[in-house]
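Okay, structure first, notes after.
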Amino acid sequence: MSIQVSTRIDADTKQQFDRICAGIGISPSNALSIFIRSVINNNGIPFTLVAPQLMTVKMSREAMFGCMRGQFKMADDFDAPLEDFKEYME
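Note that the sequence shown covers residues 651 to 740 in my numbering.
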């Protein structure tokens, strides 16, 4: 006996998934069945889940300095004393 399982994914993800399954020669339903069977056989997700890294490209130390030049604008009075601290600066 089989039952129907449904899930929601965005249209672009579905289209990519269908294209890959067709390229492999299996239906999306068969692909999901294989995944579910693999989860059961492995007693967990059959691949490692890791958080994405913020910076994946390794840069030399020299390349890092100045790599964000032009990306930020600092106020002209950035280094000017703040009025709130004027009494401490006298």
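Glycine included, C-beta positions come from ideal geometry on N, C-alpha and C.
For Phe-667, the enclosing alpha helix (DSSP H) stretches over residues 661-674. Between the C-alpha atoms of Phe-715 and Asp-668 there is a straight-line separation of about 44 Å. The DSSP-derived three-state label of Arg-658 is coil.
With respect to the 9 Å criterion, Pro-678 and Ser-688 are not classified as neighbours on the basis of their beta carbons. Between the alpha carbons of Lys-736 and Arg-711 lies a gap of roughly 38 Å. Taking the Cα of Ile-653 as reference, the smallest distance to any Cα among Thr-663, Ile-690, Ser-683, Lys-723 is reached at Ser-683. Annotated three-state conformation of Lys-736 is helix, per DSSP. Annotation: the continuous alpha helix (DSSP H) that includes Leu-682 extends over 678-692.
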